[in-house]
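Enquirer: Quick one: the structure is below, and I'll ask about it shortly.
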Amino acid sequence: MGDHRGHIAVLQDDGHLTGAAVAALHAVSGVDTALLRAAKVRPSSANWLHAPWYPYRRGGALTIGRTIWFTGIWFSKHGLGDGSPSSTLRWLLHLAHEVGHLAQAERFGPSLWGKTRYVAAFAWQYATRALLRRRPIHDGSPLEREADAGRRVLRAVVGDQQERHPLVAAVHGHAAPVVERWCVQHRQYLAEIAGRVQAGNLA
Ligand SMILES: [Zn+2]
Numbered sequence: 671m672g673d674h675r676g677h678i679a680v681l682q683d684d685g686h687l688t689g690a691a692v693a694a695l696h697a698v699s700g701v702d703t704a705l706l707r708a709a710k711v712r713p714s715s716a717n718w719l720h721a722p723w724y725p726y727r728r729g730g731a732l733t734i735g736r737t738i739w740f741t742g743i744w745f746s747k748h749g750l751g752d753g754s755p756s757s758t759l760r761w762l763l764h765l766a767h768e769v770g771h772l773a774q775a776e777r778f779g780p781s782l783w784g785k786t787r788y789v790a791a792f793a794w795q796y797a798t799r800a801l802l803r804r805r806p807i808h809d810g811s812p813l814e815r816e817a818d819a820g821r822r823v824l825r826a827v828v829g830d831q832q833e834r835h836p837l838v839a840a841v842h843g844h845a846a847p848v849v850e851r852w853c854v855q856h857r858q859y860l861a862e863i864a865g866r867v868q869a870g871n872l873a
């Protein structure tokens with residue numbers, strides 16, 4: 671299905687993230703670059719994504735093991751995947767959340783037992799939040815909040831500049847060296863934002 675990935679700036683034709691996307695996502699999420707390089711993005715049908723047996727799904731994407739599934743609309747040339755710089759920003763923000771789940775899945779381990787414990791941990795968190803009537807149930811679970819840190823860092827970084835931000839523009843232009851240079855130059859700044867997000871998560 672590589673034919674409908676060519677226009678998504680963050681993806682290579684085979685569904686792997688581009689070098690520029692890997693560098694940017696690593697900088698905002700802290701997820702290991704080797705893991706980001708190993709990850710694969712694949713299209714899925716909306717029906718499949720809304721499978722009720724799977725407790726975590728969010729905004730049309732779902733991460734299982736090292737595969738990140740995005741619903742078809744994300745690839746649509748007339749929709750979220752229109753190839754524009756703002757489409758690149760939307761993809762980056764969504765990926766910045768999903769790659770947090772890649773790291774969590776690694777932590778629980780790739781075995782069937784690890785996967786089962788991971789899903790069980792989500793189910794337990796949703797169930798307890800439902801019992802305590804805390805809202806929102808999905809976004810409030812500790813694993814979701816942890817996974818969302820990368821997106822919140824990226825959102826803070828781009829600020830009002832949105833898709834015009836140099837980091838996003840460099841990812842859009844497949845300019846990995848430019849992304850890497852920006853991240854090195856803004857290392858301290860990124861660490862400060864990540865620290866604030868982390869403090870908010872622990873509060
Ligand atoms: Zn999530």
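Okay, so the sequence shown: first residue is 671 according to the working numbering, each after it adds one.
Cβ atoms here follow ideal geometry from the backbone N, Cα and C, with glycine treated the same way.
Everything numeric in this text was worked out from a predicted model, so none of it was measured.
Given L705, which residues of its chain have a CB within under 7 Å of its CB, disregarding the five upstream and five downstream residues?
Expert: Once the five neighbours on either side are set aside, the close Cβ partners of L705 are L772, A773, E776.
Enquirer: Mind listing, in chain order, the continuous alpha helix (DSSP H) runs of no fewer than 4 residues lying wholly within the segment 700-776?
Expert: Listed in chain order, they are 703-708, 716-719.
Enquirer: Could you say which of R821, A826, S757 lies nearest to L695 if we only look at CA atoms?
Expert: Measuring from the Cα of L695, the nearest candidate turns out to be R821.
Enquirer: Nearer than 6 Å: is that true of the beta carbon of A793 relative to any heavy atom of ligand 2?
Expert: Questions concerning ligand 2 fall outside what the structure shown contains, since the ligands it does hold are ligand 1.
Enquirer: On the three-state DSSP scale, how would you describe H835?
Expert: Here H835 sits in coil by DSSP.
Enquirer: Say whether chain B places a C-beta atom closer than 7 Å to the C-beta of H771.
Expert: In the structure shown, chain B cannot be found, because there is only a single protein chain.
Enquirer: Are the segment 790-799 and the segment 832-839 touching by the rule of at least three beta carbon pairs closer than 8 Å?
Expert: No, the segment 790-799 is not in contact with the segment 832-839.
Enquirer: Could you compute how far the alpha carbon of D684 sits from the alpha carbon of V769?
Expert: C-alpha separation (whole angstroms): 18 Å.
Enquirer: Going by beta carbon distance, what residues of the same chain come within less than 8 Å of G749, once the five residues before and after it are set aside?
Expert: Same-chain partners within the cutoff: I743.
Enquirer: With Q855 as the anchor, note down where its alpha helix (DSSP H) starts and where it stops.
Expert: Element bounds for Q855: 846-855.
Enquirer: Answer yes or no: do L681 and V711 have a C-beta to C-beta separation smaller than 7 Å?
Expert: Taking 7 Å as the Cβ cut-off, L681 and V711 qualify as a contacting pair.
Enquirer: Locate the alpha helix (DSSP H) running through A680, then write down its first and last residues.
Expert: Sequence check: residue 680 is Val here, not Ala. From DSSP, V680 is part of no alpha helix (DSSP H); its letter is neither H nor E.
Enquirer: If you draw a straight line from the C-alpha of I678 to the C-alpha of D830, how long is it?
Expert: Cα-Cα distance, rounded: 23 Å.
Enquirer: Look at the alpha carbon of F740 and the alpha carbon of Q858, and state the distance between them as a whole number of angstroms.
Expert: Going by the C-alpha atoms only, they are around 32 Å apart.
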